[in-house]
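Report on the following structure.
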Amino acid sequence: MDPAAAAAAQERKEQEAAFVQIDQFLPGDVLLEDVDGLGLRGDTATSPSFYQSGSFIDPVTGSIRETAGYYEPRVVAYQQGRILTLDEEQSLFPDGYGNTVDDLRAGDVVPAHELDRNQARRDNVTVTAASAGTMIDLKYRFDDGEKGTCRRRSDQKVTIHARRYGALTDLERATLQAPGQVTSISASMLRNEHHWQWVRLRATKGSVTSWQGLQPVIGRVIDVRKVPSRDRYGSGTMVLVLEEPGGTRTRWAASESTPLLMWTGELPETPVDFTGLDLDSAPVSVPGPSPAAEDTIVEASAFLNEHVMVGTVQLGKAPAALVPETVAPEPSHGDGVDMQGPAAVLGEVPILEHTAEGSNVRNVGRDEASLHGLLKESGFKFSRRQELWYLNSTWKPGTRDTKVMNLISAAAKAGVSFDIQDPGPSRRMALLKEGDRIRLSPGKAVIHGVDGLGMHEAVSEFPEMIAEVREGRSTHRTPVQVSIGERAHRFDISHESGALELVSLEEAERWNVEIGAVLPPGVSGDLDRKTGRRVQDLVPGQRVSVSGKEITLADLKSYQRQRYDGVKVLAVERGPVEQLRYVLLEREQSRRVWVEATATETVPVHEAGTIRETGFSAPRFRIQHVNDVRQGEKVSATGIRPNGTGARMREIITASGTLTAVEDRNGGEYELTIETRRGPVQVRQGEDYGYRPEVTTMTPGTTAVPTVAAKPLGLGPGLDTLDPLLTGTTNQHPSL
Numbered sequence: 001m002d003p004a005a006a007a008a009a010q011e012r013k014e015q016e017a018a019f020v021q022i023d024q025f026l027p028g029d030v031l032l033e034d035v036d037g038l039g040l041r042g043d044t045a046t047s048p049s050f051y052q053s054g055s056f057i058d059p060v061t062g063s064i065r066e067t068a069g070y071y072e073p074r075v076v077a078y079q080q081g082r083i084l085t086l087d088e089e090q091s092l093f094p095d096g097y098g099n100t101v102d103d104l105r106a107g108d109v110v111p112a113h114e115l116d117r118n119q120a121r122r123d124n125v126t127v128t129a130a131s132a133g134t135m136i137d138l139k140y141r142f143d144d145g146e147k148g149t150c151r152r153r154s155d156q157k158v159t160i161h162a163r164r165y166g167a168l169t170d171l172e173r174a175t176l177q178a179p180g181q182v183t184s185i186s187a188s189m190l191r192n193e194h195h196w197q198w199v200r201l202r203a204t205k206g207s208v209t210s211w212q213g214l215q216p217v218i219g220r221v222i223d224v225r226k227v228p229s230r231d232r233y234g235s236g237t238m239v240l241v242l243e244e245p246g247g248t249r250t251r252w253a254a255s256e257s258t259p260l261l262m263w264t265g266e267l268p269e270t271p272v273d274f275t276g277l278d279l280d281s282a283p284v285s286v287p288g289p290s291p292a293a294e295d296t297i298v299e300a301s302a303f304l305n306e307h308v309m310v311g312t313v314q315l316g317k318a319p320a321a322l323v324p325e326t327v328a329p330e331p332s333h334g335d336g337v338d339m340q341g342p343a344a345v346l347g348e349v350p351i352l353e354h355t356a357e358g359s360n361v362r363n364v365g366r367d368e369a370s371l372h373g374l375l376k377e378s379g380f381k382f383s384r385r386q387e388l389w390y391l392n393s394t395w396k397p398g399t400r401d402t403k404v405m406n407l408i409s410a411a412a413k414a415g416v417s418f419d420i421q422d423p424g425p426s427r428r429m430a431l432l433k434e435g436d437r438i439r440l441s442p443g444k445a446v447i448h449g450v451d452g453l454g455m456h457e458a459v460s461e462f463p464e465m466i467a468e469v470r471e472g473r474s475t476h477r478t479p480v481q482v483s484i485g486e487r488a489h490r491f492d493i494s495h496e497s498g499a500l501e502l503v504s505l506e507e508a509e510r511w512n513v514e515i516g517a518v519l520p521p522g523v524s525g526d527l528d529r530k531t532g533r534r535v536q537d538l539v540p541g542q543r544v545s546v547s548g549k550e551i552t553l554a555d556l557k558s559y560q561r562q563r564y565d566g567v568k569v570l571a572v573e574r575g576p577v578e579q580l581r582y583v584l585l586e587r588e589q590s591r592r593v594w595v596e597a598t599a600t601e602t603v604p605v606h607e608a609g610t611i612r613e614t615g616f617s618a619p620r621f622r623i624q625h626v627n628d629v630r631q632g633e634k635v636s637a638t639g640i641r642p643n644g645t646g647a648r649m650r651e652i653i654t655a656s657g658t659l660t661a662v663e664d665r666n667g668g669e670y671e672l673t674i675e676t677r678r679g680p681v682q683v684r685q686g687e688d689y690g691y692r693p694e695v696t697t698m699t700p701g702t703t704a705v706p707t708v709a710a711k712p713l714g715l716g717p718g719l720d721t722l723d724p725l726l727t728g729t730t731n732q733h734p735s736l
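Reading the sequence shown from the start, the letters are residues 1 to 736 in our numbering.
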């Protein structure tokens with residue numbers, strides 16, 4: 001064979017080995033580039049079935065990404081989805097992920113010999129696909145790429161070690177964002193009693209359902225009614241009027257069986273996080289296979305040696321001085337744990353000791369029954385010999401961190417406090433509270449920053465600093481704030497040991513005065529480049545990359561976001577709600593545009609800078625009655641498209657453009673003519689159509705230095721007192 005041809009064949013074989021096959025993607029994997037036949041940058045992989053590979057969804061709407069053509073294997077840049085953290089596992093699956101084959105989901109990590117009885121290897125494998133039914137067909141993959149298949153009965157036992165975030169249902173994802181505030185019901189269960197509650201579902205605009213027109217929608221329930229089916233055995237249609245986050249009320253139709261999410265309180269900033277990488281991108285260790293019988297015997301022996309004391313005692317009455325003044329313990333409960341606990345001196349505060357070596361609670365009174373219950377619910381057991389409550393020392397430190405945090409949180413709600421004792425100077429992250437000061441230095445802490453693409457990046461090289469713990473801590477990350485000069489930097493930190501070095505308040509204040517206040521500006525700029533900044537904390541003059549949508553009337557109701565890379569920030573103003581910010585950006589060729597962005601999103605900062613221009617005014621929206629708007633103004637209106645006489649279907653449309661005519665057809669019913677980019681469009685509004693006779697107008701934001709100082713607004717920067725999202729309509733005309 002020709003050596004050149006053989007070399008070319010070998011090179012081609014090596015290139016093809018790097019290709020990513022369609023079945024290699026697992027739930028939660030995120031594309032880092034646009035890929036023909038798969039999706040766009042940022043799209044997230046869904047769970048595949050046994051007979052069909054998974055698809056990619058839009059990370060904002062959760063809808064399946066429609067692509068042209070087919071995917072041909074190639075080299076693809078993507079980030080693997082993450083495993084659920086211990087906090088998330090405890091919140092969603094307090095009793096574990098399940099123990100049967102029927103509980104398996106794509107992406108679950110299980111022991112190979114438990115999943116496939118014919119498998120000789122004892123490694124952990126990842127389930128890549130599973131069918132449904134009494135007999136379940138399974139596909140799995142080892143870490144080295146070896147694949148296998150098997151068939152198991154659905155009720156057979158299997159140990160599930162870990163689960164991917166991408167395998168969660170929409171309800172489970174929403175629960176992580178708003179614990180205890182979201183439920184899932186069918187559309188048929190909606191009633192007018194649910195007025196003004198937030199819901200999310202897939203529905204069709206208008207009053208008629210259509211599979212081709214389904215799209216996700218989020219809004220407050222304004223009105224609900226059921227339209228019976230003409231078919232005797234058919235399903236009815238639920239017609240909903242929802243007020244979307246933009247303030248526009250729209251009519252939607254859904255079948256009775258359509259599932260929807262309902263929030264009992266305010267809508268979270270991110271109702272459903274489809275990607276999950278912003279929660280925790282750090283890898284989570286996966287447990288090994290189930291221990292063998294001899295391993296269990298060794299662990300049991302170690303437990304007995306620690307908690308059982310064997311010796312000789314002298315029978316008879318002891319001297320009075322040696323008899324402790326304790327009350328005889330009451331009989332223990334059936335589970336073998338003395339729920340009364342040790343006797344404690346009245347008035348003493350329970351002492352909590354939690355280190356990497358062990359966790360225990362002392363000084364728990366015999367009559368503190370509520371605390372006994374909290375300890376047991378958090379996994380603590382009582383040792384008669386040591387007279388204290390303890391956590392199993394064979395558990396991983398991360399597991400004990402979660403148990404301790406649960407105990408502290410539950411005790412705080414019950415009005416119980418602990419005296420925390422640790423050897424110092426390091427303290428477990430689970431014990432840190434808001435206001436504590438900690439030392440940040442290379443090797444003792446890791447900063448969770450972002451790279452130039454906005455993806456998670458661990459930063460281990462930075463100057464020594466002292467930070468203040470902020471609200472929102474967990475067992476795996478701690479939010480902190482560092483003040484350098486006149487700027488405050490907020491980011492998350494952690495350490496592989498699960499502990500951080502604690503410093504006194506005096507030492508922290510001395511650092512702020514003697515070091516932090518006099519550090520050169522370059523230190524602050526370098527920290528911004530490594531950790532990024534939240535949109536609400538951006539400083540004018542910085543060059544950043546941010547995702548948002550241009551603020552126009554045409555995009556008022558759009559959820560689509562655009563990526564703006566390497567743009568300069570000129571102004572940051574509060575949006576119509578606290579969760580949004582209006583940001584003035586300067587793009588290439590000095591083109592300036594106002595963009596709506598999420599306030600708490602962390603964006604990469606490429607370089608610092610300054611600007612001389614100030615006094616910009618953000619865009620403002622107003623909802624006005626059609627009679628209060630002059631013809632020739634730019635408006636956006638939603639209503640019904642006029643149809644021919646006797647038409648039975650109504651089409652809901654939203655038109656943006658120049659208002660050219662307003663016709664009062666019949667005492668409260670109006671027909672608006674709006675000149676759009678595609679020509680004139682007629683929109684009908686009125687009581688019979690379900691839409692108020694009103695339009696939305698916009699006052700564009702300023703992009704140049706104003707010659708006259710802008711008048712201060714009463715509701716904050718960029719907001720008019722007539723903002724529809726805050727005060728609704730302002731006209732005196734009758735409303736529906």
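Each residue gets a CB set at the ideal place from its N, CA and C atoms; glycine is no exception. Keep in mind the model is a prediction, meaning the values are calculated, not measured.
Indicate whether residue i and residue j have their beta-carbon atoms separated by less than 8 angstroms.
i       : j       : result
Val-446 : Ser-393 : no
Leu-580 : Arg-592 : no
Leu-502 : Ile-420 : no
Pro-271 : Ala-174 : yes
Val-227 : Gly-236 : yes
Ile-765 : Tyr-670 : With the chain represented from 1 up to 736, any question about residue 765 goes unanswered, as that position is not in the structure.
Met-405 : Leu-500 : no
Leu-376 : Gly-449 : Before going on, a small fix: residue 376 reads as Lys here, not Leu. No, the pair does not count as a contact, with Cβ atoms beyond the cut-off.
Ser-255 : Ala-187 : yes
Val-101 : Val-158 : yes
Trp-44  : Pro-59  : The question names Trp, but residue 44 is Thr in the sequence shown. For Thr-44 and Pro-59, yes; Cβs fall inside 8 angstroms.
Val-221 : Ala-253 : no
Put residue i into one of helix, strand or coil per three-state DSSP.
i       : result
Met-429 : helix
Trp-211 : helix
Ser-547 : strand
Asp-36  : coil
Gln-10  : helix
Lys-381 : strand
Thr-402 : helix
Ala-302 : Because Ala-302 sits at a pLDDT of 43, beneath the cut-off of 50, its placement in the model cannot be relied upon, and the following sentence gives the value as read from the coordinates. Three-state DSSP puts Ala-302 in a helix.
Pro-3   : helix
Ala-112 : helix
Asp-565 : strand
Asn-192 : helix
Asn-363 : coil
Thr-270 : coil
So is residue i buried or exposed if we call it buried at 16+ other beta carbons inside 10 Å?
i       : result
Arg-19  : Residue 19 is actually Phe in this sequence, not Arg. Flag for Phe-19 reads exposed.
Gln-685 : buried
His-195 : exposed
Arg-692 : buried
Asn-643 : exposed
Gly-213 : exposed
Gly-379 : buried
Tyr-165 : buried
Gln-624 : buried
Lys-13  : exposed
Trp-211 : exposed
Ala-77  : exposed
Would a check of beta-carbon distances place residue i closer than 8 angstroms to chain D?
i       : result
Ile-466 : Note that chain D does not occur in the displayed structure, where there is just one protein chain.
contact_flag[the segment 117–126, the segment 29–44] where n(CB pairs < 8 angstroms) is 3 or more: no
Uninterrupted alpha helix (DSSP H) stretches inside the segment 429–515 (no shorter than 4 residues): 505–514
The segment 67–83 in contact with the segment 24–35 per 3-pair CB rule at 8 angstroms: yes
Given 8 angstroms, three or more beta-carbon pairs between the segment 565–582 and the segment 593–605: yes
Contact the segment 103–117 vs the segment 62–72: 3+ CB pairs below 8 angstroms: no
Continuous alpha helix (DSSP H) assignments of at least 4 residues falling wholly in the segment 15–101: 86–92
Continuous beta strand (DSSP E) assignments of at least 3 residues falling wholly in the segment 630–701: 634–640, 652–664, 670–676, 679–685, 694–699
Segment contact flag, the segment 400–414 with the segment 347–361, C-beta cutoff 8 angstroms, min 3 pairs: yes
contact_flag[the segment 513–528, the segment 549–564] where n(CB pairs < 8 angstroms) is 3 or more: no
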